[in-house]
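**Q** Before I ask anything, let me first share the structure, which is written out below as structure tokens.
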């Protein structure tokens with residue numbers, strides 16, 4: 001056999017082998033891509049509706065739970081220690097992204113991801129700059145970005161006084177250990193000074209046996225104002241009971257609280273924030289660094305519960321009703337006596 005024949009035969013063998021390999025590879029089923037993994041860190045159960053909005057918007061965009069994405073959702077933490085423990089358990093599972101809600105969870109997530117730089121999307125955070133989550137809302141410099149609340153606590157206090165113009169002293173419970181509460185308190189104090197009302201500020205303990213009852217609210221208080229903070233808001237029903245027993249107007253920063261019986265609020269919708277954060281999460285999951293995604297601001301809604309107004313004997317001004325974006329006529333589980 002000549003050298004030319006050897007070369008021709010070798011080439012033919014290589015061609016046949018390559019063809020056979022290609023055919024064999026065609027018979028082997030392709031492995032589906034690994035689902036993305038999203039870890040969830042929550043402080044108190046206040047923002048379960050925010051997480052629901054996040055997952056709903058992700059699914060609508062093609063990130064379906066159990067197929068395209070796996071969610072790691074531990075029980076909501078109730079203390080800084082539990083937040084650290086939650087993150088210590090999540091990080092070894094190598095999540096592609098962490099969704100942190102609200103401020104306390106975002107602060108803990110920043111500390112936990114300082115070395116590995118896993119993208120963190122937060123929502124909501126009351127004041128991400130003063131709480132140390134980011135240094136610049138327009139250009140977050142690290143691995144975190146998300147949705148902040150508008151600095152509108154003063155506007156909410158103004159709305160409460162519009163409903164109850166004779167109010168002289170407003171009771172404000174708060175958690176002194178929480179950055180979000182302190183940020184709210186700064187806004188509230190500034191607004192109170194401008195509006196000419198006194199504040200009766202009271203620290204609230206995280207101890208499970210801490211009682212919230214009529215004795216907690218000083219007798220001179222003629223309204224209750226709940227700041228944006230997880231511990232206080234997690235006990236809003238107890239404050240609502242006190243407010244109705246004393247026939248006091250009460251304001252919450254959460255739209256869903258007004259829907260559940262709180263008199264009024266000028267604040268955010270949890271599901272809306274979740275959907276807003278989901279859009280930002282998809283950017284991060286497709287390769288955009290969080291530092292290149294500016295912090296967004298949640299929309300506020302002015303709300304009034306007319307059933308509660310009737311229960312405490314409050315006449316709602318027509319001017320307020322014209323401004324309100326959400327008017328609750330009656331709660332399905334309650335009735336006006």
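Residue numbers (UniProt numbering): 1 to 337. Quick reminder that beta carbons are idealized off the backbone N, C-alpha and C, glycines included.
From residue 310 to residue 330, what does the alpha carbon distance come to, in whole angstroms?
**A** Position 310 of the chain shown holds residue 310. Position 330 of the chain shown holds residue 330. Residue 310 and residue 330: Cα-Cα distance of roughly 10 Å.
**Q** May I ask which residues mark the beginning and end of the beta strand (DSSP E) holding residue 70?
**A** Translated into positions along the chain shown, residue 70 becomes position 70. 69-72 is the span of the beta strand (DSSP E), which, as asked, contains residue 70.
**Q** To which residues of the same chain is residue 145 closer than 6 Å at the C-beta, ignoring the five residues directly before and after it?
**A** Position 145 of the chain shown, counting from 1, holds the residue named residue 145. Once the five neighbours on either side are set aside, the close Cβ partners of residue 145 are 290, 293, 295.
**Q** Under the assumption that residue 218 contacts residue 176 (Cβ atoms under 8 Å), give the Cβ distance between them as a whole number of angstroms.
**A** As a first step, residue 218 is located in the chain shown; it is residue number 218 there, counting from the start. As a first step, residue 176 is located in the chain shown; it is residue number 176 there, counting from the start. Going by Cβ atoms, the distance from residue 218 to residue 176 rounds to 18 Å, so no, they are not a contact pair.
**Q** Given a threshold of 16 other Cβ atoms within 10 Å of its Cβ, counted over all protein chains shown, does residue 123 qualify as buried or as exposed?
**A** One-based indexing of the chain shown puts residue 123 at position 123. Result: buried.
**Q** Using DSSP with H/G/I as helix, E/B as strand and the rest coil, what is residue 154?
**A** Within the chain shown, numbered from 1, the residue matching residue 154 stands at position 154. It is helical.
**Q** For the putative contact between residue 254 and residue 267, defined by C-beta atoms under 8 Å, what is the C-beta separation to the nearest angstrom?
**A** In the chain shown, counting from the first residue as 1, residue 254 sits at position 254. In the chain shown, counting from the first residue as 1, residue 267 sits at position 267. Contact flag correct, Cβ pair sits at about 6 Å.
**Q** Apart from the five residues on each side of it in sequence, which residues of its chain come closer than 7 Å, Cβ to Cβ, to residue 316?
**A** Here residue 316 is taken as the residue at index 316 of the chain shown, counted from 1. Only 163, 304, 306, 309 meet the Cβ criterion.
**Q** Checking 7 Å against the spacing of the C-beta atoms, do residue 96 and residue 185 come in under that value?
**A** Working through the chain shown from its first residue, we reach residue 96 at position 96. Working through the chain shown from its first residue, we reach residue 185 at position 185. Not a contact, by the Cβ cut-off of 7 Å.
**Q** Based on the DSSP output, what are the partners of residue 320 in its beta bridges?
**A** Here residue 320 is taken as the residue at index 320 of the chain shown, counted from 1. DSSP output for residue 320 lists no bridge partner at all.
**Q** Taking residue 47 as the reference, which of 278, 270, 283, 134 has the closest Cα?
**A** As a working mapping, residue 47 is identified with position 47 in the chain shown. It is 270.
**Q** Just the C-alpha distance for residue 327 and residue 155, rounded to the nearest angstrom, thanks.
**A** If you number the chain shown from 1, residue 327 lands on position 327. If you number the chain shown from 1, residue 155 lands on position 155. Put simply, the backbone Cα of residue 327 is about 18 Å away from that of residue 155.
**Q** Candidates 225, 235, 199, 230: which alpha carbon is nearest residue 209's?
**A** Against the chain shown, residue 209 aligns to sequence position 209. Closest by alpha carbon: 235.
**Q** Does the beta-carbon of residue 168 have 16 or more other beta-carbons within 10 angstroms, so that it is buried, or is it exposed?
**A** For the purposes of this step, residue 168 is taken as residue 168 along the chain shown, with counting starting at 1. Burial call: exposed.
**Q** I need the DSSP call for residue 276, collapsed to helix, strand or coil.
**A** Counting from one through the chain shown, the residue named residue 276 turns up at place 276. Note: residue 276 maps to helix in three-state DSSP.
**Q** Do residue 147 and residue 140 have their C-beta atoms within less than 7 Å of each other?
**A** Residue 147 sits at position 147 when you count from the first residue of the chain shown. Residue 140 sits at position 140 when you count from the first residue of the chain shown. Going by C-beta atoms, residue 147 is not nearer than 7 Å to residue 140.
**Q** Give me the Cα-Cα distance between residue 174 and residue 33, rounded to the nearest whole angstrom.
**A** Taking the chain shown and counting its residues from 1, the one referred to as residue 174 is at position 174. Taking the chain shown and counting its residues from 1, the one referred to as residue 33 is at position 33. Spanning the alpha carbons of residue 174 and residue 33 requires a straight line of approximately 47 Å.
**Q** When the distance is taken between beta carbons, is residue 137 closer than 7 Å to residue 118?
**A** Sequence index remark: in the chain shown, residue 118 carries index 118 (1-based). Sequence index remark: in the chain shown, residue 137 carries index 137 (1-based). No. Outside cutoff.
**Q** Cα-Cα, which of 166, 181, 165 is closest to residue 172?
**A** Residue mapping note: residue 172 aligns to position 172 of the chain shown, counting from 1. When each option's Cα is compared against that of residue 172, the closest is 181.
**Q** Measuring alpha carbon to alpha carbon, tell me which of 129, 105, 115, 130 ends up nearest residue 121.
**A** In the chain shown, the residue the question calls residue 121 occupies position 121. When only C-alpha atoms are compared, the closest one is 105.
**Q** Looking only at C-alpha atoms, which of 126, 214, 314 sits nearest to residue 150?
**A** Counting from 1 along the chain shown, the entry for residue 150 is found at position 150. Nearest C-alpha to residue 150: 126.
**Q** Sort out for me which residues DSSP pairs residue 63 with in a bridge.
**A** For the purposes of this step, residue 63 is identified with residue 63 of the chain shown, where counting begins at 1. Bridge partners of residue 63: none, in fact.
**Q** Ordered along the chain, which non-local residues of its own chain (more than five positions away) have a Cβ less than 7 Å from that of residue 238?
**A** Within the chain shown, numbered from 1, the residue matching residue 238 stands at position 238. Once the five neighbours on either side are set aside, the close Cβ partners of residue 238 are 212.
**Q** Quick one: what's got a C-beta closer than 6 Å to residue 301's C-beta in the same chain, skipping five residues either side?
**A** Here residue 301 refers to the residue found at position 301 of the chain shown. The answer, listed in chain order, is 255, 325, 326.
**Q** Report yes if the C-beta distance between residue 183 and residue 251 is below 7 Å; otherwise report no.
**A** As a first step, residue 183 must be located in the chain shown, where it is residue number 183. As a first step, residue 251 must be located in the chain shown, where it is residue number 251. Contact: no.
**Q** Compare the C-alpha of residue 298 against each of 87, 76, 77, 276 and name the closest.
**A** Your numbering for residue 298 matches position 298 in the chain shown. The option with the nearest alpha carbon to residue 298 is 276.
**Q** Hey, how far is the Cα of residue 200 from the Cα of residue 216?
**A** Position 200 of the chain shown, counting from 1, holds the residue named residue 200. Position 216 of the chain shown, counting from 1, holds the residue named residue 216. Taking the straight line from one Cα to the other gives about 11 Å.
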